Amino acid sequence: ERNGMIGNIYNMGLALQALEATRKFYAPRKWDCAQAFSVVYAHDYQQPMAMAQVLPALVGRSYLDVAGLDCAATKDMSPSQQLPLFPKLGTHGVPRGMLIPPESPRPRREDVPTLCQVPTLSLSACTASIQVYYSITNMLQGKHFHYSTTVTVPRGSTLLRVMEVAAEENPQIFSFQTEQTSWGPFVTSIHGLAGSTDDRTYWQFLSAGNALEEGVGTYKPRDGEHIQAIFSTY
1 ERNGMIGNIY NMGLALQALE ATRKFYAPRK WDCAQAFSVV YAHDYQQPMA
51 MAQVLPALVG RSYLDVAGLD CAATKDMSPS QQLPLFPKLG THGVPRGMLI
101 PPESPRPRRE DVPTLCQVPT LSLSACTASI QVYYSITNML QGKHFHYSTT
151 VTVPRGSTLL RVMEVAAEEN PQIFSFQTEQ TSWGPFVTSI HGLAGSTDDR
201 TYWQFLSAGN ALEEGVGTYK PRDGEHIQAI FSTY
């Protein structure tokens, strides 16, 4: 389903590990594995936790393999003598050719755009700004509210930066708090309203009505995109 996506992009690492660890209990279809690995290859992982979960799957292993490692036996070995980086193709349920993406020819120097190397315009691709529409909504508990604003940020800014600029421009409305987690910053409250594990409430972020699959610290809004923060239940 969903062109190989299992859950969301951050479920993929553990999902692929689970499929690899249990492969002898089912008969996987080749296209399932190929599509799933294509999704992983296409994503630019930024968070260490996500990388730590997807890397074992890329070498045909899972966290369960840690129990069988003999660290004492390999401590004096060179890296090349230790566990192979890639499993033997065809033995771990990974389609041949999927573990190591085909090499692409290196671009010639003359083919590389120089717009960002030598800025000649005040609004070059490196410094261009974008506008992001940002709204916060609570129709769930307490005094209901809905506020919207337009934020201008440099192209490539994260959603967290959009929220910071909104809070700087109007702190009484768009102030927020975060806590640092292994998956990056997690928004705990906006406009003084905090999520609660007791009430099973949290701030959900959406674009075009769809929940974002990345956190505020890594998601980069597009020019003209409308980001909604909606107080929700789970």
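The sequence shown maps to residues 1 to 234 in the UniProt record's numbering. Cβ coordinates follow ideal geometry from the N, Cα and C atoms, glycine included. None of these values were measured; they are calculated from a predicted model.
Beta carbon of residue i, beta carbon of residue j: below 8 Å?
i      : j      : result
Met51  : Ser182 : no
Thr201 : Thr233 : yes
Ala128 : Val151 : no
Thr137 : Ile230 : yes
Val216 : Val187 : yes
Ala67  : Glu20  : no
Arg161 : Ile130 : no
Gly195 : Trp203 : yes
Starting from residue i and walking both ways along the beta strand (DSSP E), at which residues does that stretch end?
i      : result
Gln131 : Ser129 to Asn138
Ile227 : His226 to Thr233
Ile190 : Gly184 to Ile190
Gln204 : Thr201 to Ser207
Distance, Cα to Cα, residue i vs residue j?
i      : j      : result
Leu206 : Ala36  : 24 Å
Ala15  : Asn8   : 10 Å
Gln177 : Val54  : 29 Å
Asp44  : Met5   : 15 Å
Asn170 : His191 : 11 Å
Lys143 : Asp65  : 51 Å
Ala72  : Asn11  : 32 Å
Phe174 : Asp198 : 24 Å
Glu103 : Gly184 : Note on Glu103: pLDDT 46, under 50, position unreliable in the model; the coordinate value appears next. Each residue's alpha carbon lies about 32 Å from the other.
Leu85  : Phe25  : Any reading at Leu85 must be qualified, since the residue scores a pLDDT of 44, below 50, and its modelled position is unreliable; no value is offered.
His226 : Glu213 : 15 Å
Gly60  : Ala18  : 11 Å
Gln47  : Glu179 : 15 Å
Considering just the uninterrupted stretch of the alpha helix (DSSP H) at residue i, what are its terminal residues?
i      : result
Leu55  : Pro48 to Leu58
Gln172 : Pro171 to Phe174
Leu64  : Per DSSP, Leu64 belongs to no alpha helix (DSSP H) and is neither H nor E.
Leu14  : Met12 to Ala21
Who pairs with residue i in a beta bridge, going by DSSP?
i           : result
Thr158      : DSSP output for Thr158 lists no bridge partner at all.
Asn210      : Ser207
Ala194      : Ser189
residue 242 : Here the chain has residues from 1 to 234 only, and residue 242 is not among them.
Gln141      : Answer is none; Gln141 lacks a bridge partner.
Thr218      : Its beta-bridge partners do not exist; DSSP assigns none.
With a threshold of 8 Å between beta-carbons, can residue i be considered close to chain B, or not?
i      : result
Gln204 : Reference to chain B is not applicable here, since this structure consists of a single protein chain.
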